[in-house]
Amino acid sequence: MPDSATERTTTVVIGAGLSGLAVASELSRYGVGSIVVDGFGPLAQTGPSVHTGMLQRCEVADPASMLERNQILRHLRNYAASHHLDVRNTTKAVRLDLLTAAETPLASPRQWAVHTAHGILLADHVVVTRCAQSQLRKMLAELGIAVGQNLVAAMRAVGMHLVGVGELITPTPKEVLRQAKAVGQAISSKVALPAAPGLAIA
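Positions 2 to 203 (the numbering used here) are the ones given, in order, by the sequence shown.
Right, dumping it as structure tokens:
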């Protein structure tokens, strides 16, 4: 699977809007590396993987929250620029593979391969933004992952996280930030970060 166009990171965030930037910012605060890409690019499905085109954007414009959303988005873009976050607005994630231990270059029990037109991003965690839970259930089923009653638990068990999504409504900007904070904490708790001498990690 790995080749010259393969990159390795801790987390790939699919979605370069408010939800994706919020997650990347939270991860940055914990010292966790991430690459943010856009989603929903066209590419035929091949092999045991999922074409991300099935994860359609699920959003409804709420005029009352648009101003707040735009202000938060501007702040997050400034944060991303000043902290040199790896945000690739023109790179689309077109396919996801969940690799088994035999397929991964590292001794990880499972690993995500996010395919783009520019190569493959390998990560322990994938964050999906702005798609309906019903679509995620279908996607996980196609990957051979048993979901059961608890979608979030099933996703977290394989290193997948969801931000910016409600089943029937679009979450408010404050709810998106709350979800991003929770996901940032969940991922950082599973990542062993080297502590610099004399530096306490909060």
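For every residue, glycine included, the Cβ atom is placed at its ideal position computed from N, Cα and C. This structure is a prediction, so every number in the text was calculated from the model and none was measured.
{"Check": "Sufficient close CB pairs (3 or more, under 8 angstroms) joining the stretch 19 to 37 to the stretch 134 to 149", "Outcome": "no"}
{"Check": "Range covered by the beta strand (DSSP E) that runs through Ala-124", "Outcome": "120 to 130"}
{"Check": "Same chain, Cβ closer than 6 angstroms to Val-1, neighbours up to 5 away in sequence not counted", "Outcome": "The first residue shown for the chain is 2 and the last is 203, placing residue 1 beyond what the model contains."}
{"Check": "Extent of the continuous alpha helix (DSSP H) run through Val-153", "Outcome": "152 to 158"}
{"Check": "Residues near Thr-92 in its chain [Cβ-Cβ closer than 8 angstroms; skip 5 each side]", "Outcome": "Val-38, Asp-39, Thr-117, Ala-118, His-119"}
{"Check": "Beta-carbon gap between Val-184 and Val-164 smaller than 8 angstroms", "Outcome": "yes"}
{"Check": "Residues of its chain near Gln-180, where Cβ-Cβ distance is below 6 angstroms and the 5 sequence neighbours each way are ignored", "Outcome": "Val-164"}
{"Check": "Cut-off 6 angstroms between Cβ atoms - residues of its own chain near Gly-160, not counting five sequence neighbours on either side", "Outcome": "Asp-125, His-126"}
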